[in-house]
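Heads up: the structure comes next, in structure tokens.
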Amino acid sequence: MQSDSFRCPICRETIAVPAGGARSFPPAFIVNQLLDLIATQRRDIVPKCRLHPNQELLFCETCDVVFCTECRDRTHGSAISNGSCTSLTVCDSQQHQPLEDSTNVPSSSSALNHNVITFNVAIKRCTEIMLYKMHLCVQELDHAQDAVSAELERLTINKNACMEAINSKFAELIALVDRRQAELLDMVKRLADDKHRALTDQLTLIESEREAVRRECNSIKGVMDVRCISKTISYLNDKLDSVTSLTEPRENAFLRYEDGAPDFRAHRHVRHIKTALRSTPQLSTTDQVLLGTSHNNQTNASGTDSRPSPVTCISPRSDSSFPCTDSSLIDIARCLAAFGRILVSTTYPALCTIRLPSQLVVHLTAKSTIRAVDYHGHPQCTGGADPVEVLLTDSDGRSVPVELFDMGDGTYDLLLRPITAGLHQLSVRILSRPIRGSPFQLLVRRAQQREWCFSEGADGRGLIQPFAVAYGPYPRSEDTTDPSPTSFIYLLDTGNSRLLVINPSTGCLHATLYGTPLTGQAATGIAWAPEGLWIVNWRAKQVYLLDPRTDQTIRSIHSSQFVEPTSACRCPLTGRLYVADNGAGCVFWCDPVTGTTQPFVGAGVRREAERTPPTSPINRTPSPCFSVQENDSHPLVKLPRSESRSFRRVTGICATDNGELILSTGSTVRIFSRDGVQRTTLTPPVFSRENVPCGGTRITTTLPSRATSSAAAYLDRSSASSTLTLNTNCTVRPAVSPTADRHSLCTPGSAQHSAAFPTRGQFGGVVVARLSDDALDWFDSLGVCLLASYSDRQRSGVAVWPQLTWSGCTAQPSVAESGSDLLCDRPFEDSCLPYLVEADPGLRRLAGLIALSDCRHLVVVDQGAQSLCRLRYA
Numbered sequence: 043m044q045s046d047s048f049r050c051p052i053c054r055e056t057i058a059v060p061a062g063g064a065r066s067f068p069p070a071f072i073v074n075q076l077l078d079l080i081a082t083q084r085r086d087i088v089p090k091c092r093l094h095p096n097q098e099l100l101f102c103e104t105c106d107v108v109f110c111t112e113c114r115d116r117t118h119g120s121a122i123s124n125g126s127c128t129s130l131t132v133c134d135s136q137q138h139q140p141l142e143d144s145t146n147v148p149s150s151s152s153a154l155n156h157n158v159i160t161f162n163v164a165i166k167r168c169t170e171i172m173l174y175k176m177h178l179c180v181q182e183l184d185h186a187q188d189a190v191s192a193e194l195e196r197l198t199i200n201k202n203a204c205m206e207a208i209n210s211k212f213a214e215l216i217a218l219v220d221r222r223q224a225e226l227l228d229m230v231k232r233l234a235d236d237k238h239r240a241l242t243d244q245l246t247l248i249e250s251e252r253e254a255v256r257r258e259c260n261s262i263k264g265v266m267d268v269r270c271i272s273k274t275i276s277y278l279n280d281k282l283d284s285v286t287s288l289t290e291p292r293e294n295a296f297l298r299y300e301d302g303a304p305d306f307r308a309h310r311h312v313r314h315i316k317t318a319l320r321s322t323p324q325l326s327t328t329d330q331v332l333l334g335t336s337h338n339n340q341t342n343a344s345g346t347d348s349r350p351s352p353v354t355c356i357s358p359r360s361d362s363s364f365p366c367t368d369s370s371l372i373d374i375a376r377c378l379a380a381f382g383r384i385l386v387s388t389t390y391p392a393l394c395t396i397r398l399p400s401q402l403v404v405h406l407t408a409k410s411t412i413r414a415v416d417y418h419g420h421p422q423c424t425g426g427a428d429p430v431e432v433l434l435t436d437s438d439g440r441s442v443p444v445e446l447f448d449m450g451d452g453t454y455d456l457l458l459r460p461i462t463a464g465l466h467q468l469s470v471r472i473l474s475r476p477i478r479g480s481p482f483q484l485l486v487r488r489a490q491q492r493e494w495c496f497s498e499g500a501d502g503r504g505l506i507q508p509f510a511v512a513y514g515p516y517p518r519s520e521d522t523t524d525p526s527p528t529s530f531i532y533l534l535d536t537g538n539s540r541l542l543v544i545n546p547s548t549g550c551l552h553a554t555l556y557g558t559p560l561t562g563q564a565a566t567g568i569a570w571a572p573e574g575l576w577i578v579n580w581r582a583k584q585v586y587l588l589d590p591r592t593d594q595t596i597r598s599i600h601s602s603q604f605v606e607p608t609s610a611c612r613c614p615l616t617g618r619l620y621v622a623d624n625g626a627g628c629v630f631w632c633d634p635v636t637g638t639t640q641p642f643v644g645a646g647v648r649r650e651a652e653r654t655p656p657t658s659p660i661n662r663t664p665s666p667c668f669s670v671q672e673n674d675s676h677p678l679v680k681l682p683r684s685e686s687r688s689f690r691r692v693t694g695i696c697a698t699d700n701g702e703l704i705l706s707t708g709s710t711v712r713i714f715s716r717d718g719v720q721r722t723t724l725t726p727p728v729f730s731r732e733n734v735p736c737g738g739t740r741i742t743t744t745l746p747s748r749a750t751s752s753a754a755a756y757l758d759r760s761s762a763s764s765t766l767t768l769n770t771n772c773t774v775r776p777a778v779s780p781t782a783d784r785h786s787l788c789t790p791g792s793a794q795h796s797a798a799f800p801t802r803g804q805f806g807g808v809v810v811a812r813l814s815d816d817a818l819d820w821f822d823s824l825g826v827c828l829l830a831s832y833s834d835r836q837r838s839g840v841a842v843w844p845q846l847t848w849s850g851c852t853a854q855p856s857v858a859e860s861g862s863d864l865l866c867d868r869p870f871e872d873s874c875l876p877y878l879v880e881a882d883p884g885l886r887r888l889a890g891l892i893a894l895s896d897c898r899h900l901v902v903v904d905q906g907a908q909s910l911c912r913l914r915y916a
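First residue of the sequence shown: 43, per this note's numbering; consecutive thereafter.
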């Protein structure tokens with residue numbers, strides 16, 4: 043029988059059981075919580091030995107071994123209290139073996155201390171350590187997640203801030219650009235309106251004057267009074283004088299936009315422009331265009347001209363007008379303020395003038411200067427971009443190539459290079475209107491006059507059979523300190539057995555030498571060298587080194603191979619001498635130190651494998667004075683008859699800086715390599731007057747960009763319809779040479795070329811013209827020229843081959859291309875073709891010549907008039 047009451051297990055009070063039984067009791071929250079606590083707690087499982095179910099497993103922390111004390115015969119045995127490990131004894135060396143195999147291992151005599159705990163305690167400790175490590179890992183991962191999340195949030199914030207900043211700054215930039223665009227557009231409109239208003243006012247004035255004339259004429263209709271008619275005629279005469287000022291527009295239509303500063307040095311060889319550039323006044327800092335401002339001759343405190351520019355423009359605004367706080371925005375604002383300008387011109391074409399050259403000669407460049415003048419009659423002081431149109435035509439209406447350059451000081455240099463003789467017409471227009479006096483009539487001469495002429499010595503005796511000439515300074519002595527000694531002309535007066543030293547500038551005699559090398563009226567060849575003058579005496583068959591300062595012979599070279607030596611030259615590359623022997627039909631090279639002589643080209647030249655021409659400079663020091671005789675002779679090699687005859691007619695000889703040898707042999711000029719291999723043969727260049735193409739091309743320059751040339755239209759060699767007859771006559775054409783192809787190095791085999799040539803013409807001397815860097819003009823495009831004196835029955839002159847024409851035949855393709863790159867951007871590039879500069883008709887038989895190094899002038903010997911003359915060749 044159940045009891046109706048029971049004692050409370052907590053308070054031990056008697057509690058009556060309700061009618062519904064135990065289910066009627068209210069919930070016991072304490073018991074439920076206790077049950078939940080027990081349910082959540084981990085139940086410790088005590089591992090037991092499988093062989094000894096009642097024996098708890100132990101764990102040795104020192105040996106990391108789980109064992110049973112019963113199975114190991116208590117080798118790890120020890121009392122264990124309260125689940126903690128105690129210090130045990132002996133653990134043999136095999137204690138890390140499996141449990142089953144370690145029971146039979148005898149114990150070691152050496153005792154070790156081991157920490158042994160129950161296996162369930164070891165599992166609990168390992169679990170706690172694992173949970174702790176896991177907690178640390180999770181904590182670190184949580185920290186990493188928080189850091190990355192924070193960085194993502196900051197990235198989003200920074201991205202939004204950057205986008206806002208970019209939008210804000212670019213909005214400011216766009217506002218600045220729009221503002222600048224609006225300013226320029228407004229300026230263009232305002233300038234156009236001002237010009238339109240001025241021209242409209244002039245039209246109104248013209249219309250009012252027309253109406254006044256009509257009224258005056260209508261007022262006398264039917265009037266029979268002569269005095270009234272005479273009064274009206276006087277009135278109309280006055281009107282004609284006043285109306286003349288209205289024929290020229292008072293304003294020009296020039297209006298142009300540019301977004302860059304003018305570059306007056308568009309040509310890299312311009313040197314004379316730098317003074318004009320430095321004196322150009324600075325633009326003002328306002329945005330006003332100085333249009334029609336009165337020019338004056340006053341200067342400001344700094345000494346520069348205060349007159350406004352002939353072509354004015356919008357100048358940058360001051361920084362204060364741009365509301366920018368950032369320095370970079372201020373810089374951009376400055377750049378935008380300077381970007382773009384509207385050009386207007388105050389040049390008045392009717393007042394502009396031109397200075398024409400005093401003389402024009404065929405193929406010689408002449409320079410004219412155009413001076414721009416403003417509305418008020420004041421010369422312009424700065425350069426600009428006035429549209430200048432130049433047209434030069436010959437007597438047959440054919441256009442002639444010209445070049446125009448803005449010098450940056452209100453002037454324009456005009457380079458003229460006529461191709462034919464006769465009356466030419468030069469038309470110059472600025473702003474589409476002719477300048478004062480345009481068009482101009484220019485007379486182009488076929489032959490040039492001599493600058494000076496030397497014909498007699500100090501004793502009054504005239505020249506007799508002058509032949510060779512040299513150029514250079516006196517040999518330097520040890521006590522000489524002059525860095526740039528004066529150069530002289532050395533003329534061999536063969537008939538008088540003397541050497542004349544002449545000043546190249548004035549043509550005056552400086553000194554007269556009579557030495558052993560000059561005796562016997564046999565000195566025919568001369569070559570300048572730093573140590574003295576090498577003189578060839580054909581009678582003595584020797585080459586002498588003469589000191590022009592002391593008139594003493596330093597040394598001489600003699601060879602048994604010499605038969606009739608006539609001329610000589612010194613190689614700038616190797617320092618050797620080349621001696622032309624017309625008797626032997628050969629050119630020898632001689633060592634000036636040792637006197638060694640060997641044939642180089644012509645008869646007596648050994649085979650290629652045997653001869654070793656010199657290619658290295660001489661660095662040895664010669665003895666003070668000696669005479670060398672070279673007795674070695676080589677058997678002569680028979681040449682074809684025509685070749686042998688050519689080497690027996692050598693009238694001129696020279697060498698280039700690259701060691702190439704150039705010979706003048708009758709009617710041809712031959713170029714040999716430094717190894718003695720003939721590269722090409724040149725014949726006289728001749729232009730046919732009647733075959734110059736017709737038509738006119740107008741040359742328009744919109745400086746400061748580089749001026750354009752009509753040379754391409756005038757010398758259109760690529761067009762099939764061109765009728766220009768040009769003969770550069772290079773008989774050996776290189777297989778690959780773009781430079782030679784561009785300049786039409788033609789062979790003289792065609793009938794057309796043969797008809798253009800004189801029937802009998804002879805070359806005299808030949809020389810390579812090199813200008814010093816200080817003397818090279820900015821418009822010079824010839825480079826290193828090859829010059830040869832030429833005479834025939836009709837004319838005498840100097841044949842000129844510019845560098846691009848004759849060097850392209852001898853250089854390798856790479857060398858030719860480099861030369862083309864060097865000269866391709868100079869003026870008259872398309873017209874740098876071989877040409878013949880005719881001399882005065884009084885010069886009939888031209889012989890030896892030399893080129894001056896400070897200008898494009900030469901000095902040539904005239905055997906016909908027995909004189910020495912100075913001429914231009916470019």
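Glycine is no exception: its CB is placed at the ideal position from the N, C-alpha and C atoms.
* Within the same chain, show all residues whose beta-carbon is closer than 8 angstroms to that of E103, passing over the 5 residues directly before and after it, in chain order. => If you ignore the 5 residues before and after E103, its C-beta comes within less than 8 angstroms of the C-beta of C127, H156, N157, V158, I159, A164, all in its own chain and listed in chain order.
* According to the Cβ coordinates, are V842 and A916 closer than 9 angstroms? -> A distance below 9 angstroms separates the beta carbons of V842 and A916.
* Could you tell me whether the Cβ atoms of Q921 and Q490 are closer together than 9 angstroms? => Nothing about residue 921 can be read from this structure; the chain reaches only from 43 to 916.
* **Exposed unless 16 or more other CB atoms sit within 10 angstroms - verdict on I199** => Within 10 angstroms of the beta-carbon of I199 lie fewer than 16 other beta-carbons, which makes it exposed.
* To do: Would you mind sorting E880 into buried or exposed? The rule is 16 or more other CB atoms within 10 Å of its CB.
  => Label assigned to E880: buried.
* Which runs of the alpha helix (DSSP H) spanning at least 4 residues fall entirely within the segment 377-450, listed in chain order? -> If you keep only unbroken alpha helix (DSSP H) runs of at least 4 residues inside the segment 377-450, you get nothing at all.
* Asked: Three or more C-beta pairs closer than 8 angstroms, one from the segment 607-614 and one from the segment 552-570: is that the case here?
  -> In this structure the segment 607-614 touches the segment 552-570; the number of beta carbon pairs closer than 8 angstroms is three or more.
* State buried or exposed for E923, treating a residue as buried only when at least 16 other CB atoms are found within 10 Å of its CB. => No statement about residue 923 is possible, as the shown extent of the chain runs from 43 to 916 and does not include it.
* Own chain partners of L197 with C-beta closer than 8 angstroms, once the 5 adjacent residues on each side are dropped -> Counting only Cβ-Cβ distances below 8 angstroms, and skipping sequence neighbours, we find nothing.
* In angstroms with no decimal places, state the Cα-to-Cα distance between P869 and L913. => Because P869 sits at a pLDDT of 44, beneath the cut-off of 50, its placement in the model cannot be relied upon, and the point is left open.
* **Inter-residue CB distance, G890 and A510 (contact presumed, cutoff 8 angstroms)** => Between G890 and A510 the beta-carbon gap is near 4 angstroms, inside 8 angstroms, which marks them as a contact.
* Since C628 and R618 are thought to touch, with beta carbons under 8 angstroms apart, how far apart are those beta carbons, to the nearest angstrom? -> Not a contact, Cβ separation roughly 15 angstroms.
* Hey, could you find the ends of the beta strand (DSSP E) L218 is sitting in? => First-last for L218: 161-260, but that is the alpha helix (DSSP H), not the beta strand (DSSP E).
* Since W576 contacts T566 with CB under 8 angstroms, what's their CB separation in whole angstroms? -> Not confirmed; about 12 angstroms, so no contact.
* **Own chain residues within Cβ distance below 7 angstroms of L465, not counting five before or after** => Correct list, in chain order: S437, Q483, L485.
* Can you check whether the CB of N538 is closer than 9 angstroms to the CB of G499? -> Yes, the pair counts as a contact, with Cβ atoms nearer than the cut-off.
* To do: Would you kindly check if the distance between the Cβ of F447 and the Cβ of L385 is under 9 angstroms?
  => For the 9 angstroms CB-CB criterion, L385 and F447 do not form a contact.
* Inter-residue CB distance, R487 and V403 (contact presumed, cutoff 8 angstroms) -> About 5 angstroms separates the beta carbon of R487 from that of V403, a gap short enough to meet the 8 angstroms contact definition.
* D623 versus T723 - alpha carbon distance -> Here the alpha carbon of D623 sits roughly 20 angstroms from the alpha carbon of T723.
* How far does the beta strand (DSSP E) with V901 in it reach, from first residue to last? -> Where V901 is concerned, the enclosing beta strand (DSSP E) stretches over 899-904.
* Which class does W494 belong to by DSSP, given the choice of helix, strand or coil? -> Secondary structure at W494: coil, using DSSP grouped into helix, strand and coil.
* To do: In angstroms with no decimal places, state the Cα-to-Cα distance between S144 and C168.
  => In this prediction, S144 has a pLDDT of 39, which is less than 50 and means its spatial position is unreliable; what the coordinates show is noted afterwards. A direct Cα-Cα distance of roughly 25 angstroms separates S144 from C168.
* Asked: Where does the unbroken alpha helix (DSSP H) through Q507 begin, and where does it stop?
  -> No residue range can be given for Q507, since it is assigned to no alpha helix (DSSP H) and is classified by DSSP as neither H nor E.
* To do: Could you have a look at W848 and say whether DSSP puts it in helix, strand or coil?
  => DSSP places W848 in helix when its eight states are reduced to three.
* Asked: Where A207 and L371 are concerned, what is the direct C-alpha to C-alpha distance, given to the nearest angstrom?
  -> Roughly 13 angstroms separates the two Cα atoms.
* To do: Please classify L878: is it buried, with 16 or more other beta-carbons within 10 angstroms of its beta-carbon, or exposed?
  => The C-beta of L878 has 16 or more other C-beta atoms within 10 Å across all chains shown, which makes the residue buried.
* Of the residues R716, R721, N700, G644, which one's Cα is nearest the Cα of R690? -> For the residues R716, R721, N700, G644, the minimum Cα distance to R690 belongs to G644.
* To do: Give every residue of the same chain whose Cβ lies closer than 7 angstroms to the Cβ of T286, excluding the five residues on either side of it in the sequence, and list them in chain order.
  => Answer for T286: no residue qualifies.
* Asked: With DSSP run on the structure shown, which of helix, strand or coil describes Q603?
  -> For Q603, the three-state secondary structure derived from DSSP is coil.
* Rounded C-beta distance between L588 and P559? I'm assuming under 8 angstroms. -> The beta carbons of L588 and P559 sit about 5 angstroms from each other, so the pair counts as a contact at 8 angstroms.
* Ordered along the chain, which non-local residues of its own chain (more than five positions away) have a Cβ less than 7 angstroms from that of E293? -> Taken in chain order, the residues that qualify are K237, A240, L241.
* Separation of R475 from D235, as counted between CA atoms -> Within the model, the alpha-carbon separation for D235 versus R475 is close to 22 angstroms.
* Between which two residues does the beta strand (DSSP E) harbouring Y532 extend? -> Residues 529-535.
* **Three-state class that DSSP yields for C270 in the structure shown** => C270: helix per DSSP, three-state reduction.
* To do: Would you decide whether R232 is buried or exposed? Buried here means 16 or more other CB atoms lie within 10 Å of its CB.
  => Exposed, since its Cβ has fewer than 16 Cβ neighbours within 10 Å.
* Asked: Grouping DSSP H, G and I as helix and E and B as strand, with all else coil, what is I72?
  -> Reduced to three states, the DSSP call for I72 is helix.
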